[in-house]
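Here the structure comes first, spelled out in structure tokens, and everything after it is commentary.
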Amino acid sequence: MADAKPGDDHNLERFWKFGRGAARIRWGTEGDFARCVRQLDEHVGSERAKRICAQWHKDMNGFWPGDKRNR
Numbered sequence: 008m009a010d011a012k013p014g015d016d017h018n019l020e021r022f023w024k025f026g027r028g029a030a031r032i033r034w035g036t037e038g039d040f041a042r043c044v045r046q047l048d049e050h051v052g053s054e055r056a057k058r059i060c061a062q063w064h065k066d067m068n069g070f071w072p073g074d075k076r077n078r
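All residue numbers for the sequence shown refer to the working numbering, where the first residue is 8 and numbers rise by one.
The following block contains the structure:
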């Protein structure tokens, strides 16, 4: 396996927020947080996926997953 290069994390974030990964998650639609966690769980584990997806949900939608605006 190749060593991680500087910027790899940022590239992955762009993939999941704006690239083909974002098409799988469908940010701004019902269930986007759960879809994000399901996709990332395969790569980083459940707990880390929840933390990452919560932050990305905030970045993409403007509010946290548990916010009343998410209901």
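For every residue, glycine included, the Cβ atom is placed at its ideal position computed from N, Cα and C. Just so we're clear, the structure is a prediction, and the values are computed from it rather than from any experiment.
Proximity of residue i and residue j at Cβ, strictly below 8 Å
i: Q46; j: I32; result: yes
i: K24; j: W63; result: yes
i: A56; j: V44; result: yes
Boundaries of the alpha helix (DSSP H) in which residue i is found, first to last residue
i: F40; result: D39 to V51
i: G28; result: R27 to I32
Check: residue i C-beta below 7 Å from any heavy atom of the ligand NAP
i: S53; result: Ligands in the displayed structure: none, and consequently the ligand NAP is not present.
Proximity winner among the options, relative to residue i (alpha-carbon distances)
i: G73; options: G52, E49, N18 and G38; result: G38
i: G69; options: R21, E49, H50 and G35; result: G35
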